[in-house]
Structures are given as C-alpha cells and as structure tokens.
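> For reference, the structure I am asking about is given below.
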Amino acid sequence: MASRPRSNQNCGAVASWHSRRPHPVSFRHADERRQTKHHRASTRILPFNLALVSRCRMTTMRSAVMNDPVTYSIESNGIGWITFDDPTAKTNIFNVETVACFRNVLGSIAREVVLKAVVIVSGKEGVFIAGADIRLIETIDTPEKAVELSREGHKFLKQIAEFKVPVIVAIHGACAGGGCELALACHYRIASDSPKTQIGLPEVQLGIIPGWGGCVRMPRLIGVRMALDYILKGSLLPGIVAKKRGLVDEVVPAAILKDQARKVALRLAKQGKPRRPSFLENAWPFRSIICSQARKMTQARTRGNYPSPPRAIDVIEQGLGMSVDAACELEAQKFSEVGVTPESKNLIRVFFLREDNRKLTVDAWFPKEQAAPAKPARIQRVGVIGAGVMGSGIAQWISSRGFEVRLRDVKPEFVAKGMQNIAQLYQDGVKRHKLTAIEASHAMARVTATTDWTGFETCDLIIEAVVEDIRIKRPVFEQLSKLLRPDAILATNTSAIPIDEIASCATNPERVIGIHFFNPVSRMPLIEMILGPRTGKATAGAAVAFAKSLGKQIVVCKDSPGFLVNRLLLPYLNTAGHVLMEGTDVRTIDDALLDFGMPMGPLRLIDEVGVDVSYHVALELAHYFGDRMKVADVLVKMNEAGLKGKKGGKGFYVYEGGKETVNPEIGKFLAVSTSPRQLSRKEITDRLVGVMIDEAKACLKEGVVRSPDEVDFGMIMGTGFPPFRGGLMRYAQSIGKA
C-alpha cells in the first residue's frame, strides 16, 4: 500500500552524545560522530535531559528530513510505521538524540486521527536496535546520574507501553539491551528467522542490569524462571528460540516480515491489544523460592565477584509484587548501585578492547613498510595438516565460515576419527541452534580428507596442527614447501615452539606465520598471530584478515617461546605445582583462584589440558628460559607415571561417573617437605598471579606485544582471566605492581 511519509518537525540535529567511539550494549560498532561545544556543555548536566526534546522541536523541516534518525509514515489503511534508521551511523543505538527524536515521533504520530495501529521497524540491514550508547554508560560517575538515565528510559518506553493503539515491533537483526527493552514494551513482537536476529539483555556482561524495564517486563511476559536465566546469563536468543520461549509471538522469513507485521497490525486494530496470560510461578511464594535458588546458583558461579546479578534478582523478585511503575523505580535504584562500580568500569573497558580489536592491523609491526593494502590477498581454500583434536577442531570452524578445507593425516583411522569429530561438532551446533541442519550439512561437505598430499597445491593457506614436536613439524614444512604455490601462506598452530625454528626449513620463510588457535576451537575466541623474524607484511596482513573472517579475536605477537598466553600461563600452572609440593593441598589452591575469579583452578586446568601436554609445554619453555620456568617435580613424576588428567580419568583429580574428587594418591608424587606450609588463599593468589604479572612485564620489555592493553585482552580471551578485574595489567595497576 502507498504510504504518506511524514517528517517529524519536532526532531532535528541535536548534538550527538557519541564520543569518538560510540558503542551499543550488544557489542556492536557504531560510526564516529562529531561533538559540538554546545553538546559538551549540555551533556555534562544530564545523560537524558527533557530540555533536549524541546530543542528538537525548534529545528526546521529540512534538517529533520535530512538528519532524523527516527521517522514515521501512515498508510491509507491507518497503519503507522515508525522507522529507526540513523543516517549518521552503521547501527541504530539509543543516545540523547535518538531517544529525543523517538519520543517526539511517538507524540506526533499519536495525534494522527486516522491512526489504528503502529509498527516499529529498523532501516538497517542486520541490526534492529543494538542497545544504548556504551560511551554514555561509561560516563556515569554518580548514583544520581545512573538513576536519572534509568528513569528517562522508563519514561520513553512507557510512552510505547501505554500507547493509545496497538504497537507491533518487527525485529530483524540484533535486538539487544535497550532494543530488547523497547520490544518488551510493545504489545506484539514478530521476529525474522534470520541468523542475524538475536534478541536479549546482555547488560550483566557490562557489570550493570537492564535499566529500562527489562527486569520488570521480561518476567511478566515469559515467567520468572526463564527471565532469570536469560538476564543472569546475558543471553542473546535466535528468533526461533525466542519464539519457543515466548519472548516473541511469531517468527517469519525476513522477506515477509513487514507484510506479516501489517497483517497483525490490521488484526489488532480491530481486536485491540492482546491479553497476556499470567504465570503461577510469578506469584508469591513461588517466585521467592525460584529467586532463592537463582541466588545460590549465581553465588556458586560468580563467587560474589559480580555485583549486578544479585541486583537483577532483587528487581525481579520484588518487582513482581509491585505495579510496573513502582517496579521500574526499584530497577532504577538498583541500576544506580551497579552503574558506578569498579567491576562495571572494568567490564566496559574490556568491551572497548574488544571493539578496538576489530580494527586491528599489522602496520605498527612493520613501521618501515607502506600501509597494508585495503584488501589483503583473499584466502578461499585452506589445508589443515593433522586430524587430531586441534586439527579437526580447526577444520570444522574454518569450514563453518564458508571456506573449503582439505584435511590430512598419516593413517586412514586418524582421518576417520577427525571427520567423526567434525561431524559431532556440527551436530552439537545444530542442537544449540547455532546453525540449521541444512547449513551443517553444507558446511560438512566443504571438508574433504586424505592421507596423501593431493589437493594441497591449490590451497591459499595451509595450517600445520601436528604433534607439538619440532622433529615432526620440520619434515611437514619441508614437504609443504615443495607443494605450495609461491604465494601461498604456510602457518603453524604451535603453542610454544618459536616460529623461526620451524620456518628455517621452509623455502619461503617470509610466507610462514604462526596462527595459534586455542582449544576447544569452537568456543575459545582468541587466535595468537605470531610474526617470525622473516614473516612478510603481506603474509601477516592476509592472515589477520583471515582470522577476522573466522570471527575470532586476535593478539599479534613477536616470535618468542610460548608467545604471550602460554608464556604467562605456564609459569602460573607450574607455580601451582610448587605450592602443592610445599604443603598446600589441591583443593585449597584451586579454590583460591576460583575465588579470585578464574574460570578454573590451576591444577584442575592442568588436568583439563592434559598432564602430558602441560608437562611437554612446560619443558619446552624451561629449555628457553631456564630455572625461572623449571618444571615442578610433581608434573614430572605424574607424567612419568602415565597420568593424563581428565582425558585419562586421573590426574590431580579422579574423574568417575561424571564426578571429580581429589586424587587420593597424589601424595606419592610429592616429596616429603621438612617444613610443610599451608598458604592462605590470599598468599596463593598473590604468588600465582604475581608470576604472571612479572612475566607480562618481561614480555612488554622484550616487545612480544606492544602494550599492556594487548596483555589484558590476550589473557582475558585466551585464559579467562577475570574480566571484572579489567585484565592482568589493569589488576597489577590496581594493586600497585604495574
């Protein structure tokens, strides 16, 4: 149907709240905006100021037409369309300008006498509304500012929730944070079935809670149990899953999303706003029981290190016994309690480190060469040598991103096992709704396997992932050097061996680079990109572009034994072994680091990685760094005894029947100390984290990485160093050891 476009004369060029790097709550990027002197003066007063709405009304129609981020039109059938499409940004996010304009559009369209229903849509492909401007959240420095920010969001979304006619939201693309809260305030939700459509409230990942009604409206819509699960995890749900959970009412193909929204709008224009069922679990005392369980589970998972989840639980539990307005005020108060915490500021910093990583180039590593070309050599076909756990994991992930993969191992049974592992990874992905069964089938078909060298001559990149032994890796590189095209890239997935030692046998060492994936490849976000002394800039640029296309985060390192992550991690694990031998028990050591915020205790991590693998990597580093990385005797003895860790059923712990208990025989691998000493948890943490800090300082001094930020980012993404502490070097700074 034809539409009559309306410009909103009440909206205009309000000075943007964006600073040099505006970012949304959903971890999406937004274009850079310009700030005026007038803007900087006004924004120091209040994050969201209604005076700015008045300024919107003073702009001319022309400026509104050219620059309005939110516009509306009304069809002859009485269906109004509100379109959010900020022309100055790649994504739609909420800031002072967009919220003010949105509120004025709501006011303007409400005055249309022919209006029967409203549909809210996005003009961006792949993004509905990505959330609030994180720079705005970052500037909150007092509880009062936090409360005001939350209250203004509540007023905005109350306009939608209490709108005079039904409001339907048609979601295609990222709908996170404030975008999801807007959807919750609408009366009917339709989502596309596109993989781009992800819906949820990820605020806890920034150390805050949903502050625009998310903690209030979500449990009323889907029940307290599921709302707690999504809010406390910060989960983003695909449209299909959101439909099953009741978060959206319909899921349709993206091509017919607007047509279906129009049909629903016409139906609701006649029937009125839909009534929603109530949930027995939301009533007292059921909600109190559920929330009590959630508190216990959250405490066990976070050990009290994250202040935002308990506040979210409080709002959900108490708010369900209040009116929506009273619950929103409670939410604002709880939002103010977490918006200014060190944990929130550190988590926001980590978010920006992640965003900066998307812009990573290798130019700084090659200062004497010209800037890398805008489009590095394109990689299309990839070879993987080694079909073990790492090799098959790498092959699966690469094929899932659309690349053709040729996989090789020396024996048919090794190849068969690798292909079976790849198939299992795809099956798991389908179960977790990461992709459809058809997509998994197509991706699996992109992997072919062999025991010979056929097919590798056409590869643009080959990744070696054989056993971590230089005596095995060198012959592989010698063979590949004979097969590869002169312009092909040869990479090694080594976790510790210097790249130059491997590249020395290659015909074109400038085409050799380290691409270190972490296990499990499908879940670990980091890749270490290691530049050998002879690695060329074109090779490095193409490898970084390839890693980005895989959706991975990247830390570029200078060639050095252990690179960054393992060079810092192995001394930490090794020191845990020394502390054990000195008299502190297994459980106390692991619990100390769990309390600190690590995802797994150091001795439990050795079991997870494999006692044998940990021993060999530690031995490799000891070869280069001497006594300061001397392998703990307990690791030596356990390896000699054939203990493998979790994969073998026994290490520092015994793994039976899905349970793990401390290995009662661990004492026989420990030398009897003449003066055994049980360290306190603080002493354990200070010692183990301290060795990582010292090694990080050495890496910075040697130029292994270029900045403390890279250390922080690498350790968070590669080891799970607690993000709420901001990273290893940020933590060192906080305790005066930077």
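Numbering (the numbering used here), first residue to last: 293 to 1030. Just so it is clear, CB atoms sit at the ideal spot from N, CA and C, and this is done for glycine as well.
Could you give the distance in angstroms between the alpha-carbon of His908 and the alpha-carbon of Gly902?
Taking the sequence shown and counting its residues from 1, the one referred to as residue 908 is at position 616. Taking the sequence shown and counting its residues from 1, the one referred to as residue 902 is at position 610. Cα to Cα, the separation comes out at about 10 Å.
> Assign Glu454 to buried or exposed, taking buried as 16 or more other Cβ atoms, counted over all protein chains shown, within 10 Å of its Cβ.
For the purposes of this step, residue 454 is taken as the residue at position 162 of the sequence shown. So Glu454 counts as exposed.
> Below 8 Å between beta carbons: does that hold for Ser787 and His808?
Position 495 of the sequence shown, counted from the start, is the residue given in the question as residue 787. Position 516 of the sequence shown, counted from the start, is the residue given in the question as residue 808. For Ser787 and His808, yes; Cβs fall inside 8 Å.
> Provide the residue(s) that pair with Arg481 in DSSP beta bridges, ordered along the chain.
As a working mapping, residue 481 is identified with position 189 in the sequence shown. Partner(s): Val461.
> Alpha carbon to alpha carbon, how far is Val954 from Met873?
Counting from 1 along the sequence shown, the entry for residue 954 is found at position 662. Counting from 1 along the sequence shown, the entry for residue 873 is found at position 581. Straight-line Cα distance between these residues: approximately 15 Å.
> Please determine, among Ala795, Arg777, Leu639, Ala780, the residue with the shortest C-alpha to C-alpha distance to Val768.
Counting from one through the sequence shown, the residue named residue 768 turns up at place 476. Cα-wise, what sits closest to Val768 is Ala795.
> Tell me Leu823's beta-bridge partners as DSSP assigns them.
Position 531 of the sequence shown holds residue 823. In the DSSP output, where bridge partners are listed per residue, Leu823 has Lys850.
> Pairing CB atoms from the region 590 to 608 with CB atoms from the region 519 to 529, are three or more of them under 8 Å?
Yes: the two stretches touch, three or more of their Cβ pairs being nearer than 8 Å.
> Would Lys981 be called buried (16 or more neighbouring beta carbons within 10 Å of its own) or exposed?
Position 689 of the sequence shown, counted from the start, is the residue given in the question as residue 981. The identity of residue 981 in the sequence shown is Val, whereas the question assumes Lys. By the neighbour-count rule (16 or more Cβ atoms within 10 Å), Val981 is buried.
> Below 8 Å, how does it come out for the region 550 to 563 and the region 498 to 514: are there three or more Cβ pairs, yes or no?
Touching, no.
> Would you call the CB atoms of Cys849 and Glu802 closer than 8 Å?
Here the question's residue 849 lines up with position 557 in the sequence shown. Here the question's residue 802 lines up with position 510 in the sequence shown. No, Cβ-Cβ distance for Cys849 and Glu802 is not below 8 Å.
> Alpha carbon to alpha carbon, how far is Tyr1023 from Arg1017?
What you label residue 1023 is simply residue 731 of the sequence shown in a count that begins at 1. What you label residue 1017 is simply residue 725 of the sequence shown in a count that begins at 1. Answer to the nearest angstrom: the Cα atoms are 6 Å apart.
> Answer yes or no: do Ile482 and Asp551 have a C-beta to C-beta separation smaller than 8 Å?
The count along the sequence shown starts at 1 and reaches residue 482 at position 190. The count along the sequence shown starts at 1 and reaches residue 551 at position 259. Contact flag unset, no.
> For Lys922, which of Glu932, Arg579, Met930, Leu911 has the nearest alpha-carbon?
For this step, residue 922 is matched to residue 630 along the sequence shown. Per the Cα distances, Leu911.
> Tell whether a beta-carbon distance below 8 Å holds between Val739 and Ile714.
As a first step, residue 739 must be located in the sequence shown, where it is residue number 447. As a first step, residue 714 must be located in the sequence shown, where it is residue number 422. Closer than 8 Å, so yes.
> May I ask you to report which of helix, strand or coil DSSP gives Leu962?
In the sequence shown, the residue the question calls residue 962 occupies position 670. Of the three classes helix, strand and coil, the one that applies to Leu962 here is coil, per DSSP.
> With Leu753 as the anchor, note down where its beta strand (DSSP E) starts and where it stops.
One-based indexing of the sequence shown puts residue 753 at position 461. Start and end: 753 to 756.
> Here's the rule I'm using: 16 or more other beta-carbon atoms within 10 Å means buried, otherwise exposed. How should Gln497 be labelled?
Working through the sequence shown from its first residue, we reach residue 497 at position 205. Result: buried.
> Any chance you could list the beta strand (DSSP E) runs of at least 3 consecutive residues sitting entirely within the region 671 to 751, in chain order?
Whole beta strand (DSSP E) segments, 3+ residues: 673 to 677, 696 to 700, 739 to 742.
> Restricting to Cα atoms, I'd like to know which of Ile686, Tyr718, Ala837 is closest to Arg700.
Within the sequence shown, numbered from 1, the residue matching residue 700 stands at position 408. Cα-wise, what sits closest to Arg700 is Ile686.
> Secondary structure at Pro530, three-state DSSP: helix, strand or coil?
Reading the sequence shown from its first residue, position 238 is the one you call residue 530. Looking at Pro530 - three-state DSSP - the assignment turns out to be strand.
> Ignore the nearest five residues each way along the sequence and tell me which others in Val871's own chain have a CB closer than 7 Å to its CB.
Numbered from 1 along the sequence shown, position 579 holds the residue referred to as residue 871. The residues are Ile881, Leu971, Ile976, Arg979.
> Classify Asn396: buried if its beta carbon has 16 or more other beta carbons within 10 angstroms, exposed otherwise.
Numbered from 1 along the sequence shown, position 104 holds the residue referred to as residue 396. Asn396 is buried by the Cβ-count criterion.
> Is it the case that the Cβ atoms of Ile432 and Gly694 are separated by a distance below 8 Å?
Position 140 of the sequence shown, counted from the start, is the residue given in the question as residue 432. Position 402 of the sequence shown, counted from the start, is the residue given in the question as residue 694. No, they are not a contact pair.
> So, is Ser615 buried or exposed, given that buried needs 16 or more other C-beta atoms within 10 angstroms?
Residue mapping note: residue 615 aligns to position 323 of the sequence shown, counting from 1. Result: exposed.
> Is it the case that the Cβ atoms of Thr1011 and Val857 are separated by a distance below 8 Å?
Within the sequence shown, the letter at position 719 stands for residue 1011. Within the sequence shown, the letter at position 565 stands for residue 857. In this structure, Val857 lies closer than 8 Å to Thr1011 by Cβ.
> Hey, Phe643 and Ile412: beta-carbon distance below 8 Å or not?
For the purposes of this step, residue 643 is taken as the residue at position 351 of the sequence shown. For the purposes of this step, residue 412 is taken as the residue at position 120 of the sequence shown. Going by C-beta atoms, Phe643 is not nearer than 8 Å to Ile412.
> How many angstroms separate the CA atom of Phe578 from the CA atom of Pro602?
Stepping through the sequence shown from its first residue, residue 578 is reached at position 286. Stepping through the sequence shown from its first residue, residue 602 is reached at position 310. Cα-Cα distance, rounded: 18 Å.
> Would you tell me roughly how many angstroms separate the C-alpha atoms of Met816 and Met1009, rounded to the nearest one?
Locating residue 816 in the sequence shown gives position 524, counting from the first residue. Locating residue 1009 in the sequence shown gives position 717, counting from the first residue. Rounded to the nearest angstrom, the two C-alpha atoms are 7 Å apart.
> Using DSSP bridges, identify the partner residues of Lys951.
Reading the sequence shown from its first residue, position 659 is the one you call residue 951. In the DSSP output, where bridge partners are listed per residue, Lys951 has Glu948.
> Rounded to the nearest angstrom, what separates Leu862 and Glu952 at their Cα positions?
Within the sequence shown, residue 862 is the residue found at index 570, counting from 1. Within the sequence shown, residue 952 is the residue found at index 660, counting from 1. Roughly 23 Å separates the two Cα atoms.
> Using a Cβ-Cβ cut-off of 6 Å (strictly less than) and excluding sequence neighbours within five positions of Ala839, which residues of its own chain qualify?
Here residue 839 corresponds to residue number 547 of the sequence shown, with the count starting at 1. Contacts found: Ile819, Ile846.
> Excluding sequence positions up to five away, which residues of its chain have a Cβ less than 6 Å from the Cβ of Val461?
Residue 461 sits at position 169 when you count from the first residue of the sequence shown. Correct list, in chain order: Ile412, Ala475, Cys478, Arg481.
> One question on the structure: do Val362 and Thr390 come within less than 8 Å of each other, judged by their Cβ atoms?
Taking the first residue of the sequence shown as position 1, residue 362 is located at position 70. Taking the first residue of the sequence shown as position 1, residue 390 is located at position 98. Against a cut-off of 8 Å, the Cβ pair of Thr390 and Val362 comes out as a contact.
> What's the gap between the Cα of Ala549 and the Cα of Ile501?
Mapped onto the sequence shown, residue 549 falls at position 257. Mapped onto the sequence shown, residue 501 falls at position 209. Looking at the sequence shown, residue 549 is not Ala but Leu. If I take the Cα positions, the gap works out to 30 Å.
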